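Read top to bottom, the protein sequences are chains A and B. Counting with the numbering used here, you get residues 357 to 731 for the letters of the first sequence. Counting with the numbering used here, you get residues 357 to 731 for the letters of the second sequence. Where a beta carbon is used, it is the ideal one built from N, C-alpha and C, also for glycine. The structure displayed is predicted, hence computed values, not measured ones. First the structure, in the form of structure tokens, and then the observations on it.
Protein chains: 2
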Amino acid sequence: MTDAGFGIDHLPYGAVVDAQGRQFAAVRFGDDVLDLSQLDAELFAGGGLDRFLAGGHPVWREVRGAVTDALRAERFPLVPLHSVRPVLAFEVADYVDFYASEHHAANAGRIFRPDSPALPPSWRHQPIGYYGRASALCVSGTDIRRPSGQVRVDDTVRYVPSERLDFEAELAFVVGAPSTPGEPVRTADADEHVFGVCLLNDWSARDIQRFETVPLGPFLGKSFATSIAAWITPLDALAGARVASPQDPAPLPHLQDSATPHGLDLHLEVRLNGEVVSTPGFADMYWTYAQMLAHLTSNGSSVRTGDVFASGTVSGPDPAQRGCLLELTWNGTQPLVLGDGSQREWLHDGDVVAISAHSGSIALGEVTGRIRAAR
Amino acid sequence: MTDAGFGIDHLPYGAVVDAQGRQFAAVRFGDDVLDLSQLDAELFAGGGLDRFLAGGHPVWREVRGAVTDALRAERFPLVPLHSVRPVLAFEVADYVDFYASEHHAANAGRIFRPDSPALPPSWRHQPIGYYGRASALCVSGTDIRRPSGQVRVDDTVRYVPSERLDFEAELAFVVGAPSTPGEPVRTADADEHVFGVCLLNDWSARDIQRFETVPLGPFLGKSFATSIAAWITPLDALAGARVASPQDPAPLPHLQDSATPHGLDLHLEVRLNGEVVSTPGFADMYWTYAQMLAHLTSNGSSVRTGDVFASGTVSGPDPAQRGCLLELTWNGTQPLVLGDGSQREWLHDGDVVAISAHSGSIALGEVTGRIRAAR
Numbered sequence: 357m358t359d360a361g362f363g364i365d366h367l368p369y370g371a372v373v374d375a376q377g378r379q380f381a382a383v384r385f386g387d388d389v390l391d392l393s394q395l396d397a398e399l400f401a402g403g404g405l406d407r408f409l410a411g412g413h414p415v416w417r418e419v420r421g422a423v424t425d426a427l428r429a430e431r432f433p434l435v436p437l438h439s440v441r442p443v444l445a446f447e448v449a450d451y452v453d454f455y456a457s458e459h460h461a462a463n464a465g466r467i468f469r470p471d472s473p474a475l476p477p478s479w480r481h482q483p484i485g486y487y488g489r490a491s492a493l494c495v496s497g498t499d500i501r502r503p504s505g506q507v508r509v510d511d512t513v514r515y516v517p518s519e520r521l522d523f524e525a526e527l528a529f530v531v532g533a534p535s536t537p538g539e540p541v542r543t544a545d546a547d548e549h550v551f552g553v554c555l556l557n558d559w560s561a562r563d564i565q566r567f568e569t570v571p572l573g574p575f576l577g578k579s580f581a582t583s584i585a586a587w588i589t590p591l592d593a594l595a596g597a598r599v600a601s602p603q604d605p606a607p608l609p610h611l612q613d614s615a616t617p618h619g620l621d622l623h624l625e626v627r628l629n630g631e632v633v634s635t636p637g638f639a640d641m642y643w644t645y646a647q648m649l650a651h652l653t654s655n656g657s658s659v660r661t662g663d664v665f666a667s668g669t670v671s672g673p674d675p676a677q678r679g680c681l682l683e684l685t686w687n688g689t690q691p692l693v694l695g696d697g698s699q700r701e702w703l704h705d706g707d708v709v710a711i712s713a714h715s716g717s718i719a720l721g722e723v724t725g726r727i728r729a730a731r
Numbered sequence: 357m358t359d360a361g362f363g364i365d366h367l368p369y370g371a372v373v374d375a376q377g378r379q380f381a382a383v384r385f386g387d388d389v390l391d392l393s394q395l396d397a398e399l400f401a402g403g404g405l406d407r408f409l410a411g412g413h414p415v416w417r418e419v420r421g422a423v424t425d426a427l428r429a430e431r432f433p434l435v436p437l438h439s440v441r442p443v444l445a446f447e448v449a450d451y452v453d454f455y456a457s458e459h460h461a462a463n464a465g466r467i468f469r470p471d472s473p474a475l476p477p478s479w480r481h482q483p484i485g486y487y488g489r490a491s492a493l494c495v496s497g498t499d500i501r502r503p504s505g506q507v508r509v510d511d512t513v514r515y516v517p518s519e520r521l522d523f524e525a526e527l528a529f530v531v532g533a534p535s536t537p538g539e540p541v542r543t544a545d546a547d548e549h550v551f552g553v554c555l556l557n558d559w560s561a562r563d564i565q566r567f568e569t570v571p572l573g574p575f576l577g578k579s580f581a582t583s584i585a586a587w588i589t590p591l592d593a594l595a596g597a598r599v600a601s602p603q604d605p606a607p608l609p610h611l612q613d614s615a616t617p618h619g620l621d622l623h624l625e626v627r628l629n630g631e632v633v634s635t636p637g638f639a640d641m642y643w644t645y646a647q648m649l650a651h652l653t654s655n656g657s658s659v660r661t662g663d664v665f666a667s668g669t670v671s672g673p674d675p676a677q678r679g680c681l682l683e684l685t686w687n688g689t690q691p692l693v694l695g696d697g698s699q700r701e702w703l704h705d706g707d708v709v710a711i712s713a714h715s716g717s718i719a720l721g722e723v724t725g726r727i728r729a730a731r
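What follows is the structure, given as structure tokens:
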């Protein structure tokens, strides 16, 4: 029995296509996958996780128990991971990106708005965020085409391939059970709705973003591609990773985290062409996913099965823990020097970015992507 | 044969539920509707327009011809409009809101950023916009619950019902045929993808919006509800409404409108509790829907069946043509005085907002909503 982060205590979910072109929902176990349709053909019909996600916590717990038993009893044949290709495992409904790292938000503020306070006025009061393009979400391993867009250089506006392409290391939360329209989700109830987590790379074209962003926020600088890991780790596998994330000052009552805390002690690692360039810790995030969900629904909005909300760039207090090139190179002014002697202000064509994370014996599914030249 | 804006030259599409609870896709004709499943049971299976929209322009044109013939020949029994209830006619994929009225953008700039130029730096270069919550879209007639959210009053932040609830009169564009991922849609090809238009009310809580909006743009101040009309007018019915919308300075080549212009000469009317409070003209918009679509896809993003993009508030040069209370009352400083002597800085509970529009003999389906008290 193999392990390496994907042992019997983990069991993340995804969807894959085999060599014959058949798609099926799967659980990853070591270097193999289990075809979930063998366990429950109806729940996993269609080769995706949509029905399973919609089932809610009782279904998630029951299936996790059944999968564990089946693997222990070696009840079904397993399929080698290398023989299948991952695909998006569920239909993405709405996608929201938060901005929940104080270190990232303060660094971005210092870079983009040097004449204003580093943190926006509402930042410590609520986890601010924005809606992104749901159809931009693509599975790990998908090549990322360098986007073109309008940028301003020396007072001239041009439509050109982005010259400031960046990654952002983030953690995404996948909503399973919908919430009731009009009723805010309490932080204590977050785990009734959030099924699990996966790593996310919020690819960002800083030059496009910079020109377009006032006053309506990120738009085409983000919407060209957002990669998510192939494997979704259920929250039930992360009980040992929970930590408190206290806020100072305390937020208003509806945003205070519950007695069961929703911070997660995950150690991220960002590799650029195989070389580690950043090691942010998710425990350093200011806002928890329960607070993000409570805020998201505090105006009466409800969440649906397949909603994804992401943390925003995960950055820690140390310069080696910054989760994007914007911060790592301080907006391109302090290039990274890689092991081969080359420098990076921003991503080059052909660069491969891989984000991984672990917590104790659990390794989250990696999210990777290679930059292709502009069209 | 009745007409009043819904004659044989119009024939907008929707979905309705009858007294027996059966949902069907329908065309509105005068004060009746035609059950489209009688025409093509397969194309309109499920009681919605999704397959029909995905079919693209050849299918839209063929069905429009067949519907016209069937109505002329009185081939099928019609169903009285008053006996059915409209529902959302298609599954909303991604939702984008633009900011394409120069008058609105300049007024908003003067109000919110008095120390900066009225128009943001990129405004004349590209139709800027932001992604919104797709699941917030609801059909005309749905009550609108006043949202609660964080607002700052006198340096104190509170979570309270919005006291600055507003409407925004907009026109929405419904995407039928998807575009190819990675390939920008040329303005000349817009009508291969955009099926039709409907009125949209982008309800906005100005106090929530104001506190949250820096630096990521509108979020919870908008995401609680967005109403769209029940009836989608095909672009094929609006050939007579087309006008040029020249930009000065000319935009970059990929955003220049095609020889067939995509401006639309529609006359909007906003009524508050039955009283006309604004009459914006859509011909005054700066950017056309073809330019919005070209911009939206200029970074490689593709659009899907069910994508909706909206114009942003439609405001004209005259103060009586301002499409939201923010402008009409100049951020609450110049209240509207209604016929009953009451004043409105912002919407009161019980207020009904109705937005209608016409072009020649065609009346767009109205979008209405009544404000309910906060939860």
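Looking from the CA of Q379 (chain A), the closest CA among A:A615, A:R480 and A:V443 belongs to A:V443. With 16 or more neighbouring CB atoms inside 10 Å of its own CB, G361 (chain B) falls in the buried class. Excluding sequence positions up to five before and after V373 (chain A), its CB lies within less than 7 Å of the CB of Q379, V440, R441 and V443, all in the same chain and listed in chain order.
D388 (chain A) has A:F385 and A:P436 as its beta-bridge partners, per DSSP. Judged by their CB atoms, A449 (chain B) and A462 (chain B) are not nearer to each other than the 8 Å cut-off. For H651 (chain A), no beta strand (DSSP E) encloses it; the enclosing alpha helix (DSSP H) starts and ends at Y645 to L652.
According to the DSSP secondary-structure assignment, E526 (chain A) is paired through a beta bridge with A:L556. Per the C-alpha coordinates, the member of A:G656, A:R420, A:G505 and A:V513 positioned closest to L390 (chain A) is A:R420. Contact check for P368 (chain A) and G721 (chain A): beta-carbon distance about 6 Å, within the 8 Å limit, so the pair qualifies. At a cut-off of 8 Å, the C-beta of Y515 (chain B) has a neighbouring C-beta in chain A.
Contact annotation for S457 (chain B) against chain A: no contact, minimum CB-CB distance about 14 Å [criterion: below 8 Å]. The three-state secondary structure of G485 (chain B), taken from DSSP, is strand. For F665 (chain A), no CB of chain B lies under 8 Å from its own CB, so it is not counted at the interface with that chain. Cβ-Cβ distances below 7 Å link D388 (chain A) to L434, V435, P436 and L437 in the same chain, with the five nearest sequence neighbours on each side left out; the list follows chain order. Listed along chain A, the residues sitting closer than 8 Å to A490 (chain B) by beta-carbon distance are A449, D450 and A490. Counted as a single uninterrupted DSSP element, the stretch harbouring L681 (chain A) is not any beta strand (DSSP E) but the alpha helix (DSSP H) occupying residues L681 to L684. Within the region 476 to 502 of chain A, the residues whose Cβ lies closer than 8 Å to any Cβ of chain B are, in chain order, P476, P477, S478, H481, Q482, I484, G485, Y486, Y487, G488, R489, A490, S491, A492 and R501. Around the Cβ of Q506 (chain A), a 10 Å sphere holds 16 or more other Cβ atoms; the residue is buried.
C-alpha of F446 (chain B) to C-alpha of V632 (chain A): approximately 46 Å in a straight line. Contacts between L576 (chain A) and chain B, judged by CB atoms closer than 8 Å, involve H651, L652, S654, N655 and S657 in chain order. G532 (chain B) and H549 (chain B) do touch by the CB rule: their CB atoms are close to 7 Å apart, below 8 Å. DSSP places T424 (chain A) in the helix class (H, G or I) of the three-state scheme. Counting of Cβ neighbours within 10 angstroms places V509 (chain B) among the exposed residues, the total staying below 16.
In the DSSP secondary-structure assignment, F380 (chain A) is bridged to A:V372.
Bounds of any alpha helix (DSSP H) do not take in F362 (chain A), whose DSSP letter is neither H nor E.
Contact annotation for H610 (chain B) against chain A: Y515 [CB-CB distance below 7 Å, chain order]. Here E625 (chain A) is bridged, per DSSP, to A:S712. About 13 Å separates the CB atoms of Y486 (chain A) and Y451 (chain B); that is not less than 8 Å, and the two are not in contact.
Contact between the region 674 to 686 of chain B and the region 455 to 470 of chain B is present, with at least three C-beta pairs closer than 8 Å.
Scanning chain A for C-beta atoms nearer than 7 Å to the C-beta of Q565 (chain B) yields nothing, as the closest lies near 11 Å away.
Neighbours of F580 (chain B) in chain A, taken as residues at a C-beta separation under 8 Å, are given in chain order as N655, G656 and S657.
The beta-carbon of L444 (chain A) is placed no less than 8 Å from the nearest beta-carbon of chain B. In the assembly as shown, Q565 (chain A) is a buried residue. Its beta-carbon has 16 or more other beta-carbons within 10 Å.
If you draw a 10 Å sphere on the C-beta of G695 (chain B), you find fewer than 16 other C-beta atoms in it, and that means exposed. By the neighbour-count definition (other C-beta atoms within 10 Å, threshold 16), P574 (chain A) is a buried residue. Q612 (chain A): not part of any alpha helix (DSSP H); DSSP gives it neither H nor E.
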